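Visitor: Respectively, the protein sequence lines represent chains A and B. For any residue, its number in the numbering used here is found by taking its place in the first sequence, counting from 1, and adding 84. For any residue, its number in the numbering used here is found by taking its place in the second sequence, counting from 1, and adding 120. Mind looking over this structure? Questions follow.
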Amino acid sequence: MIFNATERTILAGLADVLIPAGNGMPSASEAGIANEGLDRVLTVRPEIADVLESILQMADGRGSERVIAELQTNHPDAFGVLAEFAAAAYFLNAEVRKAIGYQGQTPHPIDPNPDYLEDGLLQSVMDRGLIYRPTGD
Amino acid sequence: MPSTYLDPPRDVLIIGAGPTGAVAAKRFAEAGMRIVVLEQGDWPDYSKARADHPDFELTTGRNWSGNPNRRQAPSDYPIDDAQSDISAVLYNAVGGGTVIYAAHWQRNMPSDFRVRTLDGIADDWPLTYEELEPYYERVEIDFGVSGLAGDTAFPPGKDLPLPPAPLGPMGRIVARAHNRMGWHWWPAPNAIATRAYRNLNACTQRAACMWGCVERAKGSVDHTHWPELVKMGVRLITGARVRRLSVNGQGLVTGAVYVDRDGIEHSQNAAVTVLGANGIGTPRILLLSGGAKFPDGLANSSGLVGRRLMMHPFGTVVGLFDENLGSSHGVWGQHIHSLQFYESDPARGFLRGAKWGLQPTGGPLSMTRSYPWGDNPIWGPSFHTQLRKRLDHSAMWGIICEDLPEANNRVILDSNLTDSDGIPAPKLLYRMSENSRKLLQFHLERARESLEAAGAKETVIAPLIRETGWHLLGTAKMGTDPKTSVVDAWGRCHDVPNLYIFDGSIWPTSSGMNPTATIAAMALRCAEHLVEERKNQKVPG
């Protein structure tokens, strides 16, 4: 599915209801979710194109907030797909990721120094004694 | 071209290349037996593991879904779950469920083997914790289990092969709270390599354990067992879907008929057959194998094949904290576990208990989803505020509830639905019991108190979702009486002396633990007994 400019504008409007600008963060459309974002999402999850297309048909010139309300009320599965697309595309934007302090599931090698020994944490558990029921076997 | 190819006979045929099949195959191979393993899936495709890519969170549900009805891979069979409160989660591949498990490595507690004696309900197991303990120790070495000896919820035992994963900020904050409350916690055991170990690399805490570990750090048997087993000469046939077991005139199993991916039928004969196809796949095969002689299914004179299905209702509570807990990362996996309310207390209005595992909550996309956040929408003007409150500031208790056996919770064959080879699909009839509902509610409330005591400013009890049936247990009960059980204490079918079941189907009760540790230990114990008794084993002439 190749979404045309008009369709992308409608999707951007819907996504802006979900992710408006605020707190120094861009809105969904400002983050390009209906442009590069949409294309990147569809590359990974092509199956959601059909749902987005049906949402576009449902929108049919109505206001974005009204469409969102109807999706939430009457079409929760479709709403879930739209929300997943909007948020996924938003978080694929490098500037957004930087602004929220998230650089992906980056490697965090395990520190070999055990943190469970801090502050006598474990000693407190051991002092409370065994808690299992012996079976006598 | 023959209608059915005759594959070379073997000493042992194992059906299923998950943890049961892997552990059993290793023991049999060490004993010099000739083994063939039929696996309907393929080797896992780790090129689809995306934890090191920006689109990781977007790919998890598509590439690594545990629901075969959603996945619909060529290796999958459909499951009719319309009459079940919980959908089954499983993975048909070399490695089986360990490919997608969270690797929580929980031994059962001693009381789990004595439920009838201690609580007056359900059944005792025909073995004790103490009898199984040496087998736990051996499989823990093979799986590369990390953790810390001395857990006060278990009898004293030996060190595990690897040190535990870090508690991390969220583990420490909850541990301190439990110490103030006098509640149990302990650094959690996981089948996750916290250091390089054998052919596993060290974990780097990408919190991606269930969706394709890119580091090869998770102890899934496609890494820990199968490469070596293939080198040892175990014949592993992938894309092999069993149609039925074959039975001779003496009532002995002679092997299995399977269909390969090209639709060609094969007959694989063996002296002994072992089922390790999980709590749904195993009864399905038995029910498919009855024929005219056993219309109720093979090995089913007790009528219990497929009955007593237990799936562990699962609950989740999330806490939101002011502190940055770094909870987008970690092992997933569990950082600490708590067994404070595991043992029965009749005063609570139900029997048995649950295990809690403290887990990360993932990256930003996970902060927006309906699970676990439920009726706490993030959308609209508060989006950015909510996101900052959740991302790296949340910790999650996952709660595994013990499910008691009930005859009417069961696996049957569907009268209409089939897999792609025309073999009848399984159908689940499962309703969560009143005991399980009370148990779950109690534990959700206590878990909420735990997080509040740790300083959570808000807590969210996740909605119950259907796709949590990771643990498929009980559908071919183990016991000493052939009238009330399917297999004996060593996994041998009472009705068919050269047919064995080693997987979670044989559990008399489900415990409230993640089951892979006990599935693996039981498989080793049963396999070892078969090896030791092989000279007395009845085999087809």
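Where is the CB? At the ideal position from N, CA and C, for every residue including glycine. Here the structure is a predicted model, which is why all the values come from computation and not from measurement.
By the criterion of Cβ-Cβ separation under 8 Å, what are the contact partners of residue 212 of chain A in chain B?
Guide: Within 8 Å Cβ-Cβ: 272, 302, 304.
Visitor: On the criterion of 16 or more Cβ atoms from any shown chain inside 10 Å, does residue 90 of chain A qualify as buried, or is it exposed?
Guide: The residue in question, residue 90 of chain A, is exposed, as its Cβ has fewer than 16 Cβ neighbours within 10 Å.
Visitor: Would you be able to state if there are at least three C-beta pairs under 8 Å between the region 220–229 of chain B and the region 571–583 of chain B?
Guide: Judged by Cβ distances under 8 Å, the region 571–583 of chain B makes no contact with the region 220–229 of chain B, as fewer than three pairs qualify.
Visitor: Sort B/507, B/530, B/475 by Cα distance to residue 517 of chain B and report the nearest one.
Guide: Selected option, being the one with the closest Cα: B/475.
Visitor: State buried or exposed for residue 153 of chain A, treating a residue as buried only when at least 16 other CB atoms are found within 10 Å of its CB.
Guide: Residue 153 of chain A is exposed by the Cβ-count criterion.
Visitor: Going along the chain, which unbroken runs of the alpha helix (DSSP H) with 4 or more residues stay wholly within the region 206–281 of chain B?
Guide: List check, alpha helix (DSSP H) in window: 235–239, 249–263.
Visitor: Compute the Euclidean distance between the alpha carbons of residue 443 of chain B and residue 481 of chain B, then round it to the nearest angstrom.
Guide: Using only the alpha carbons, I get a separation of about 15 Å.
Visitor: Helix or strand or just coil, what does DSSP make of residue 381 of chain B?
Guide: Reduced to three states, the DSSP call for residue 381 of chain B is coil.
Visitor: Taking residue 163 of chain B as the reference, which of B/659, B/416, B/341 has the closest Cα?
Guide: The shortest C-alpha separation from residue 163 of chain B is found at B/341.
Visitor: Is DSSP giving residue 521 of chain B helix, strand or coil here?
Guide: In the structure shown, residue 521 of chain B sits in a strand (DSSP, three-state: E or B).
Visitor: Using alpha carbons as the reference points, say which of B/629, B/478, B/608 lies closest to residue 522 of chain B.
Guide: When only C-alpha atoms are compared, the closest one is B/629.
Visitor: Going by CA-CA distance only, name the one from B/233, B/279, B/296 that's closest to residue 207 of chain A.
Guide: Comparing Cα-Cα distances from residue 207 of chain A to each of B/233, B/279, B/296, the minimum goes to B/296.
Visitor: Check the DSSP bridge columns for residue 434 of chain B and list the partner residues they point to.
Guide: Residue 434 of chain B is bridged to B/520.
Visitor: Express the C-alpha separation of residue 233 of chain B and residue 218 of chain A in angstroms, rounding to a whole number.
Guide: In a straight line, the C-alpha of residue 218 of chain A is about 11 Å away from that of residue 233 of chain B.
Visitor: Please work out which residues of its chain come closer than 8 Å, Cβ to Cβ, to residue 293 of chain B, disregarding the five sequence neighbours upstream and downstream, and give them in chain order.
Guide: Counting only Cβ-Cβ distances below 8 Å, and skipping sequence neighbours, we find 441, 443, 445, 515, 574, 575.
Visitor: Between the beta-carbon of residue 138 of chain A and the beta-carbon of residue 98 of chain A, is there less than 8 Å?
Guide: No, the pair does not count as a contact, with Cβ atoms beyond the cut-off.
Visitor: Report all residues from its chain with a CB closer than 7 Å to the CB of residue 220 of chain B; omit the five preceding and five following residues, and keep chain order.
Guide: Here the set comprises 184, 186, 211, 330.
Visitor: Which same chain residues, not among the five before or five after residue 169 of chain A, have their C-beta less than 7 Å away from its C-beta?
Guide: Cβ within range, chain order: 125, 132, 136.
Visitor: With DSSP as the reference, please indicate the residues paired to residue 589 of chain B in a beta bridge.
Guide: Note: residue 589 of chain B sits in a beta bridge opposite B/208.
Visitor: Going by the DSSP bridge assignment, what does residue 625 of chain B pair with across the sheet?
Guide: In the DSSP output, where bridge partners are listed per residue, residue 625 of chain B has none listed.
Visitor: Can you give me the C-alpha to C-alpha distance between residue 258 of chain B and residue 278 of chain B, rounded to a whole angstrom?
Guide: Between residue 258 of chain B and residue 278 of chain B, the C-alpha separation is close to 11 Å.
Visitor: Who are residue 440 of chain B's beta bridge partners in DSSP?
Guide: Partner(s): B/514, B/578.
Visitor: According to DSSP, is residue 448 of chain B part of a helix, a strand, or is it coil?
Guide: Residue 448 of chain B falls in the coil class under three-state DSSP.
Visitor: Relative to the C-alpha of residue 195 of chain A, which candidate in B/263, B/262, B/285, B/238 has its C-alpha closest?
Guide: Taking only the C-alpha atoms, the option nearest residue 195 of chain A is B/285.
Visitor: Name the chain B residues that come within less than 8 Å of residue 124 of chain A, Cβ to Cβ?
Guide: Per Cβ cutoff of 8 Å: 175.
Visitor: Which value, in whole angstroms, describes the spacing of the CA atoms of residue 378 of chain B and residue 206 of chain B?
Guide: If you take the alpha carbons of residue 378 of chain B and residue 206 of chain B, they lie about 29 Å apart.
Visitor: My output table needs one value for residue 665 of chain B: the three-state DSSP class, helix, strand or coil.
Guide: Lying before the first or after the last residue shown, residue 665 of chain B is absent from chain B, which here runs from 121 to 661.
Visitor: So, does the region 635–654 of chain B touch the region 239–259 of chain B, judging by three or more C-beta pairs under 8 Å?
Guide: Enough Cβ pairs lie closer than 8 Å, so yes.
Visitor: Which residue from B/542, B/483, B/508, B/635 puts its Cα closest to that of residue 177 of chain B?
Guide: Here the closest residue by C-alpha is B/483.
Visitor: Going by alpha carbons, who is nearest to residue 272 of chain B out of B/462, B/389, B/398, B/550?
Guide: With distances taken between Cα atoms, residue 272 of chain B lies closest to B/462.
Visitor: Output the distance between the C-alpha atoms of residue 506 of chain B and residue 115 of chain A, rounded to the nearest integer angstrom.
Guide: Their Cα atoms are separated by approximately 18 Å.
Visitor: Kindly identify the DSSP beta-bridge partner or partners of residue 477 of chain B.
Guide: Residue 477 of chain B is bridged to B/457, B/518.
Visitor: Using a Cβ cut-off of 8 Å, pull out every chain A residue sitting near residue 230 of chain B, in sequence order please.
Guide: Going along chain A in sequence order, the residues near residue 230 of chain B (Cβ under 8 Å) are 216, 217, 218, 219, 221.
Visitor: Starting from residue 188 of chain B, follow the alpha helix (DSSP H) in both directions and report where the run begins and ends.
Guide: Start and end: 188–191.
Visitor: Check the Cβ-Cβ distances between residue 504 of chain B and every residue of chain A, and say whether any is below 8 Å.
Guide: Output row for residue 504 of chain B: interface = yes.
Visitor: Residues in the region 488–521 of chain B with C-beta within 8 Å of chain A's C-beta atoms, listed in sequence order?
Guide: Within the region 488–521 of chain B, the qualifying residues are 488, 489, 490, 499, 500, 501, 503, 504, 505, 507, 508, 511, 512.
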